[in-house]
Amino acid sequence: VGQTLGARAIVATAEKLGIGKLTNIGLRDENAGSLPVGWPLLPADIANLTLGQKGVSATPLQVALMASAIANGGILHVPRLVAELRTNDGVVVRTFTPDAGQRVMKPSTAQKMQQMMRQCVSQGTGMAAAGIEGGSAGKTGTAETGRTTPEGMPINNAWFVGFAPGTPGQEPSLCMAILIEDGQSGSVTAAPLFAEILAAFVALKE
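According to my numbering, the sequence shown holds residues 1 to 206 in order.
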């Protein structure tokens with residue numbers, strides 16, 4: 001697929017989704033992530049690019065934003081740290097409204113991505129992230145670091161990114177990215193943690 005699309009199209013889409021640029025959330029030491037530079041890329045480089053390697057790096061916030069754009073039907077919003085300001089007695093004195101968002105993919109593309117993320121949780125590597133009413137949707141990831149243990153075993157970072165509820169027709173209320181450094185694999189460590197945090201979130205809302 002990557003060879004068919006080409007490196008420039010892949011990088012352009014990643015840029016639209018916010019990779020390689022700051023999110024404007026206002027954090028002083030925020031990392032912009034990175035995308036490959038220098039053209040042309042060799043076929044092997046393009047293959048690695050499609051896997052998120054070859055000069056690609058992203059923060060958990062950026063990965064969560066990508067998933068939220070998919071959950072929102074292809075609309076990417078600028079993240080906010082604060083929803084509202086209240087006095088000590090609970091009176092709301094200021095509300096920060098979400099931005100209008102920017103379309104970064106066609107609704108049909110977002111729907112296909114939602115379906116694949118649901119399948120990952122229902123019958124794929126993300127099954128450990130399921131378990132709440134309404135289900136969830138997401139994707140596991142096991143990122144190579146290039147480092148090894150003293151015994152020579154590879155050290156990988158474990159990822160899971162997803163949203164819930166994941167049932168078609170229900171509006172997602174939570175999107176979350178889990179990154180566990182030296183976490184073995186996304187399916188073993190990150191996906192179960194997603195489910196645990198999601199269950200706690202649901203309990204707080206009840």
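Each residue gets a CB set at the ideal place from its N, CA and C atoms; glycine is no exception. All values derive from a computational prediction rather than experimental measurement.
{"Check": "Nearest neighbour of Pro43, chosen from Ile178, Thr142, Val1 and Arg86 [CA to CA]", "Outcome": "Val1"}
{"Check": "Rounded separation between Ala9 and Asn157 - CA only", "Outcome": "27 Å"}
{"Check": "Beta-carbon proximity check, Thr23 vs Val78, cutoff 8 Å", "Outcome": "yes"}
{"Check": "Burial state of Thr125, where buried means 16 or more other Cβ atoms lie within 10 Å", "Outcome": "buried"}
{"Check": "Whole-angstrom distance between Met113 and Gly162, CA atom to CA atom", "Outcome": "11 Å"}
{"Check": "Span of the beta strand (DSSP E), counted from its first residue to its last, around Asn157", "Outcome": "Pro154 to Ala164"}
{"Check": "Residue environment, Thr97, which counts as buried when at least 16 other CB atoms sit within 10 Å", "Outcome": "exposed"}
{"Check": "Thr167 (DSSP reduced to helix, strand or coil)", "Outcome": "coil"}
{"Check": "Three CB pairs or more closer than 8 Å across the stretch 161-177 and the stretch 107-121", "Outcome": "yes"}
{"Check": "Among Lys139, Ile70 and Leu193, the one whose alpha carbon lies nearest that of Leu18", "Outcome": "Note that residue 18 corresponds to Gly in the displayed sequence, not to Leu. Checked all of Lys139, Ile70 and Leu193; the closest Cα to Gly18 is Ile70."}
{"Check": "Any non-hydrogen atom of the ligand FAD closer than 7 Å to Lys112 Cβ", "Outcome": "As far as ligands go, the structure on display features none, and thus does not contain the ligand FAD."}
{"Check": "Beta-carbon spacing of Ala110, Gly146 below 8 Å", "Outcome": "no"}
{"Check": "CA nearest to the CA of Gly141, picked from Ala190, Ala130 and Leu174", "Outcome": "Ala190"}
{"Check": "Which listed residue (Val92, Ser136 and Ile132) has its alpha carbon closest to that of Arg118", "Outcome": "Ser136"}
{"Check": "The stretch 28-39 contacting the stretch 57-68, beta-carbon criterion three pairs below 8 Å", "Outcome": "yes"}
{"Check": "Classification of Met66 by the beta-carbon crowding that lies within 10 angstroms, buried from 16 upward", "Outcome": "buried"}
{"Check": "Where the beta strand (DSSP E) containing Leu174 begins and where it ends", "Outcome": "Leu174 to Ile180"}
{"Check": "Beta-carbon spacing of Val11, Pro36 below 8 Å", "Outcome": "yes"}
{"Check": "Strand pairing of Ile75, partner residues [DSSP]", "Outcome": "Arg103"}
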